[in-house]
Amino acid sequence: MGWTRKDLLTMRELDAGEITLLVDTAASLQEIATREIKKVPALRGKTIVNLFYEASTRTRTSFEIAGKWLSADVVNFSASGSSVGKGESFVDTAKNIAAMSPDVVVVRHSSSGAAELLARELSCSIVNAGDGAHEHPTQALLDLLTIREKKGHFEGLHVAIVGDIAHSRVARSNIHGMRKLGMTVTVAGPPTLIPPFVQELGVKVAYRLEDAIRDVDVIMMLRLQQERMTGGLIPSLREYARYWGLSLDKLAAHARPDVLIMHPGPVNRGIELSPEVADGPYSVILDQVTKGVAVRMGVLLLLAGSKGGDGA
Amino acid sequence: MSSRPPRFREKAQVLDEAALDRALTRIAHEILEKNGGAADLAFVGLRTRGVTLAQRLRAKIAQIDGATLPVGTLDITLYRDDLGMRGTPVIRGTDIPFSIKGTTVVLVDDVLFTGRTIRAALDAIIDLGRPRAIQLAILIDRGHRELPIRPDYVGKNLPTSRRESVAVRLREHDGEDRVVIEEPEEA
Numbered sequence: 174m175g176w177t178r179k180d181l182l183t184m185r186e187l188d189a190g191e192i193t194l195l196v197d198t199a200a201s202l203q204e205i206a207t208r209e210i211k212k213v214p215a216l217r218g219k220t221i222v223n224l225f226y227e228a229s230t231r232t233r234t235s236f237e238i239a240g241k242w243l244s245a246d247v248v249n250f251s252a253s254g255s256s257v258g259k260g261e262s263f264v265d266t267a268k269n270i271a272a273m274s275p276d277v278v279v280v281r282h283s284s285s286g287a288a289e290l291l292a293r294e295l296s297c298s299i300v301n302a303g304d305g306a307h308e309h310p311t312q313a314l315l316d317l318l319t320i321r322e323k324k325g326h327f328e329g330l331h332v333a334i335v336g337d338i339a340h341s342r343v344a345r346s347n348i349h350g351m352r353k354l355g356m357t358v359t360v361a362g363p364p365t366l367i368p369p370f371v372q373e374l375g376v377k378v379a380y381r382l383e384d385a386i387r388d389v390d391v392i393m394m395l396r397l398q399q400e401r402m403t404g405g406l407i408p409s410l411r412e413y414a415r416y417w418g419l420s421l422d423k424l425a426a427h428a429r430p431d432v433l434i435m436h437p438g439p440v441n442r443g444i445e446l447s448p449e450v451a452d453g454p455y456s457v458i459l460d461q462v463t464k465g466v467a468v469r470m471g472v473l474l475l476l477a478g479s480k481g482g483d484g485a
Numbered sequence: 019m020s021s022r023p024p025r026f027r028e029k030a031q032v033l034d035e036a037a038l039d040r041a042l043t044r045i046a047h048e049i050l051e052k053n054g055g056a057a058d059l060a061f062v063g064l065r066t067r068g069v070t071l072a073q074r075l076r077a078k079i080a081q082i083d084g085a086t087l088p089v090g091t092l093d094i095t096l097y098r099d100d101l102g103m104r105g106t107p108v109i110r111g112t113d114i115p116f117s118i119k120g121t122t123v124v125l126v127d128d129v130l131f132t133g134r135t136i137r138a139a140l141d142a143i144i145d146l147g148r149p150r151a152i153q154l155a156i157l158i159d160r161g162h163r164e165l166p167i168r169p170d171y172v173g174k175n176l177p178t179s180r181r182e183s184v185a186v187r188l189r190e191h192d193g194e195d196r197v198v199i200e201e202p203e204e205a
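Those protein sequence lines, which keep their order, are chains A and B.
Just add 173 to wherever you are in the first sequence, counting from 1, and you've got our numbering.
Just add 18 to wherever you are in the second sequence, counting from 1, and you've got our numbering.
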């Protein structure tokens with residue numbers, strides 16, 4: 174199974190073999206994090222630009238660490254403090270950065286399709302680090318790696334994705350990835366936050382938290398994206414927390430004892446997750462972050478370290 | 019993955035099961051003799067067959083000396099000088115569950131050819147800590163070195179032509195213990 178793509182834009186475009194290759198590569202690279210000298214020479218002389226038009230803690234930092242552990246030169250660009258403030262367009266900015274010959278550009282943008290636009294315009298590899306409410310493939314890959322390490326396999330697992338499905342690129346990328354790997358997905362949330370026709374992605378829908386979390390192997394709680402919600406979608410944060418927040422009581426009453434609790438971060442403590450659940454024994458939230466570095470190393474390595482050559 | 023790899027056919031058998039076993043026994047004795055015993059020795063095998071050979075050498079040394087040496091697994095893909103020229107890098111992971119600081123590492127691989135793999139392995143090991151020394155044990159040395167690298171222990175020196183290939187077949191992977199020279203089939 175070879176890697177032949179120039180870019181990593183969506184989980185939707187990948188097949189099960191490609192997803193497995195990415196997860197396997199990341200799994201093998203995890204060992205580097207345990208070394209005393211956390212550096213291998215694989216991407217020496219390669220340049221990676223992080224082009225971030227939206228705030229990010231985990232994703233940007235972990236792409237930066239991943240690139241540095243692979244010995245690439247990593248440059249961070251953030252929209253604030255750049256010529257974006259002088260009115261330069263997204264594509265113009267990107268073309269100017271591309272003129273400095275990076276090998277990989279990692280892009281985050283609030284518009285869906287931003288990464289695909291760059292992939293068409295630029296000859297270097299593009300990694301989508303989140304585009305609007307569309308996709309966030311490296312998040313889905315690190316979620317998949319976390320699930321496989323904890324559960325041992327993918328096939329037949331049942332995952333509940335709970336919360337603001339409509340605005341969630343994490344949900345969309347995970348749904349595509351999980352369905353391709355033979356997992357069952359139930360999405361759940363208030364009706365205003367469930368996109369119409371979501372069943373066409375091959376998922377079940379639940380409108381009560383209690384129904385969604387019963388008998389599932391994994392509960393993925395999503396962040397209530399207050400910055401993307403223009404109002405009127407939920408009556409109040411307090412009501413949302415009461416009906417859709419995951420507390421220890423609800424877990425004990427309805428979920429399996431071996432369930433995994435995941436969250437892509439940043440957590441709104443007391444809204445979608447009670448602090449006792451976020452920090453509790455079922456939670457793998459920090460494992461997800463650790464695996465994020467390995468996944469991004471894998472992605473960078475396959476994009477910048479592969480050549481569609483003869484493979485001899 | 020476009021152009022098809024050449025197909026090889028067997029040209030000659032180099033070692034049979036008994037000869038392969040004798041070569042490993044001799045290497046085990048030489049390792050103990052050169053190092054004055056098994057103290058502070060550790061094996062690191064190169065994926066895949068080097069690891070298997072390292073495990074067999076460990077068993078030999080346990081028979082001879084009673085000492086059970088640690089065996090680590092090294093994947094040198096991230097250290098290759100031709101990464102990015104060879105299709106998709108396949109990372110299978112390094113697993114060295116012991117500290118190599120101060121140990122004498124015996125690096126084990128099946129075939130020594132250009133020496134580039136061993137160059138990568140030396141860098142990979144040194145990134146994990148500072149061993150007291152690194153020695154190299156090889157089952158088949160087929161010549162054609164491109165770097166100043168020389169093995170400390172050799173099962174068999176085997177002059178080959180560059181177009182030939184040496185296949186080390188081991189029970190654990192291939193169901194038989196045998197070393198053969200292969201040559202490309204004429205088109």
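Here a beta-carbon is modelled for each residue, glycine too, at the ideal position from N, C-alpha and C.
{"Asked": "Three-state secondary structure (DSSP) of LEU33(B)", "Found": "strand"}
{"Asked": "Alpha carbon of ASP145(B) to alpha carbon of ASP316(A), nearest angstrom", "Found": "30 Å"}
{"Asked": "GLY111(B) at chain A interface by Cβ criterion, 8 Å", "Found": "yes"}
{"Asked": "Residue-level contact to chain B via CB, LYS480(A), 8 Å cutoff", "Found": "yes"}
{"Asked": "Alpha-carbon to alpha-carbon, GLN153(B) and GLY63(B)", "Found": "12 Å"}
{"Asked": "Selection of the stretch 168-188 of chain B by Cβ proximity to chain A, strictly under 9 Å", "Found": "none"}
{"Asked": "Below-8 Å beta-carbon distance, PRO107(B) vs any chain A residue", "Found": "yes"}
{"Asked": "Contact between the stretch 40-49 of chain B and the stretch 90-108 of chain B (3+ Cβ pairs under 8 Å)", "Found": "no"}
{"Asked": "Nearest-angstrom Cβ-Cβ length linking VAL376(A) and ILE348(A), presumed shorter than 8 Å", "Found": "6 Å"}
{"Asked": "Inter-residue spacing [alpha-carbon to alpha-carbon] between THR266(A) and VAL335(A)", "Found": "36 Å"}
{"Asked": "Contiguous beta strand (DSSP E) assignments of at least 3 residues, all confined to the stretch 149-192 of chain B", "Found": "151-159, 171-175, 183-187"}
{"Asked": "For GLY173(B) and ILE156(B), believed in contact at Cβ under 8 Å, the rounded distance", "Found": "7 Å"}
{"Asked": "One or two residues paired with GLY120(B) in a DSSP bridge", "Found": "According to DSSP, which records beta bridges pairwise, GLY120(B) is partnered with nothing at all."}
{"Asked": "Nonlocal neighbours in the same chain, by C-beta distance under 7 Å from VAL466(A), ignoring five residues either side", "Found": "ALA206, SER235, ILE238, ALA239"}
{"Asked": "Integer-rounded CB distance, given that THR135(B) should sit under 8 Å from ASP265(B)", "Found": "With chain B covering only 19 through 205, there is no way to say anything about residue 265(B)."}
{"Asked": "Limits of the alpha helix (DSSP H) - the one that LYS78(B) falls within", "Found": "67-83"}
{"Asked": "Cβ-Cβ distance between ASP113(B) and ALA138(B) below 8 Å", "Found": "no"}
{"Asked": "Whole-Å CB distance - GLY478(A) paired with LEU202(A), under 8 Å assumed", "Found": "That pair is no contact at about 11 Å."}
{"Asked": "Beta strand (DSSP E) segment containing LEU446(A), residue limits", "Found": "It is not in any beta strand (DSSP E) - LEU446(A) carries neither H nor E in the DSSP assignment."}
{"Asked": "Pick from VAL222(A), LEU410(A), GLU412(A), GLU445(A) that is closest to LEU424(A), judged by C-alpha positions", "Found": "GLU445(A)"}
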